[in-house]
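Counted from 1, the sequence shown has number 61 at position 67 by our numbering; the numbering is strictly sequential.
From the three backbone atoms N, C-alpha and C, an ideal C-beta is built for every residue, glycine too.
Predicted model, so just to flag it, every value in this text is computed and none were measured.
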Amino acid sequence: QPAISHALRRLREMFDDPLFVRQGNQMLPTERTRRVIAQVQSHVRGLGAVLNQGRSFEPAELEMSFEIGVRDVLESITFPRLMQHLAQLAPGVSLSSRRVVRQQMEAELTAGRLDIAIERLTRTGPRIRSLKLADESMVVLTAKGEGRKRAMTLKHYLAARHVQVSLGPEASEALDRFLADQGMERRVALRCQHYFAAAQVVAETGWMLTMPRTYAHNLAQVLPVSIHELPFQLPPIPMMMYWHADREDDPAHRWLRGLLASGAVQVMNGMNRRRSSNII
């Protein structure tokens, strides 16, 4: 304890900063400390890459954990297959996923708190690398049999009550901004956090839910709902994989990116092309 206190005092003098401040019962890092931590982590990762140069890479020998930023929709459709592959190829690798606010994604990747993020197309700085996975299209979910004998019309869509899933201020209003630009407006009766809960409400009420096609097919297998094409043209949404430049050449990171990307591309593109019997 005395040695740690002495070292901390010297660091405070060196950086001319308190480094940590008390908030309630917690000691939290200052902004200067967070920047230093990010820089140190970057150098440590760089050193690791240098030390690993020339060594053969064997996924089966990995013993490490990765932090993935992903929405629950993509988690549901990509993780089952991904974890099956990891169990076979790299049983020592574990994943931890969490939802990340889009505006905080770059900071989380830069600080090393996230290894990879999968998110809609987002403006980022020059140190963030990206790869397009697929274009995400949207469909309408209704209760099973609702409108089965007729195609979804714009009049029917705008007159219905809607459930909206809020993924953040920007994402939750994107569809309504698009409609407003076309001089249209829909009635949102409920805003909730997750698509599964929203789909359950739709199944019981006969309301409508506009959601990603990929996840809609999953829900249609377990809930009494039908899938309809939108009665208007909504621009597709590019889905991207993001990571920090410091991890670009890390063998384990590069291997996981490839595994995750190939699985996501296969699932998302397959679902986007799908026109199954439950689409009206």
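- Comparing C-alpha distances from His238 to each of Arg26, Ala54, Pro(-4), Glu102 shows the shortest one belongs to Glu102.
- DSSP, read as helix, strand or coil, puts Val259 in helix.
- Counting only the Cα atoms, Thr118 lies some 36 angstroms from Thr136.
- Relative to the Cα of Asp240, the nearest Cα in the group Pro206, Ile122, Ala192, Gly18 belongs to Ile122.
- The beta carbons of Arg65 and Ile231 sit about 12 angstroms from each other, so the pair does not count as a contact at 8 angstroms.
- Per DSSP, the unbroken beta strand (DSSP E) holding Glu223 starts and ends at 219 to 223.
- When the beta-carbon positions are compared, Ala193 and Leu224 stay at least 8 angstroms from each other.
- Every alpha helix (DSSP H) stretch that sits fully inside the segment 90 to 154 and reaches 4 residues is listed by chain position as 99 to 104, 148 to 153.
- For Met205, the enclosing beta strand (DSSP E) begins and ends at 202 to 206.
- CA-to-CA, the gap between Thr116 and Arg96 works out to about 8 angstroms.
- For Phe14, the three-state secondary structure derived from DSSP is strand.
- Considering only Gln227, Ala128, Ala197, the residue with the shortest C-alpha distance to Arg155 is Ala197.
- Tyr209 is positioned such that its CB atom lies closer than 8 angstroms to that of Ile71.
- In this structure, the alpha-carbon of Gln17 lies about 11 angstroms from that of Thr24.
- Within 10 angstroms of the beta-carbon of His211 lie 16 or more other beta-carbons, which makes it buried.
- For Gln20, there is no enclosing alpha helix (DSSP H); the enclosing beta strand (DSSP E) has its first and last residue at 20 to 23.
- Out of Trp249, Ile112, Ala168, the CA that lies nearest to the CA of Ala54 is found in Trp249.
- Straight through space, the alpha carbons of Leu13 and Val30 are spaced by roughly 10 angstroms.
- The C-beta distance from Thr204 to Val134 rounds to 6 angstroms, short enough to fall under 8 angstroms.
- Taking the Cβ atoms as the reference, Leu125 lies roughly 6 angstroms from Ala255, within the contact range of under 8 angstroms.
- In this structure, Gly63 and Leu108 form a Cβ contact; the two beta carbons are roughly 5 angstroms apart against a cut-off of 8 angstroms.
- Between Arg6 and Met234, the alpha-carbon positions lie close to 40 angstroms from each other.
- Boundaries of the alpha helix (DSSP H) around Pro74: 66 to 83.
- Where Ser160 is concerned, there is no enclosing alpha helix (DSSP H), because DSSP gives it neither an H nor an E.
- With respect to the 8 angstroms criterion, Ser131 and Arg207 are classified as neighbours on the basis of their beta carbons.
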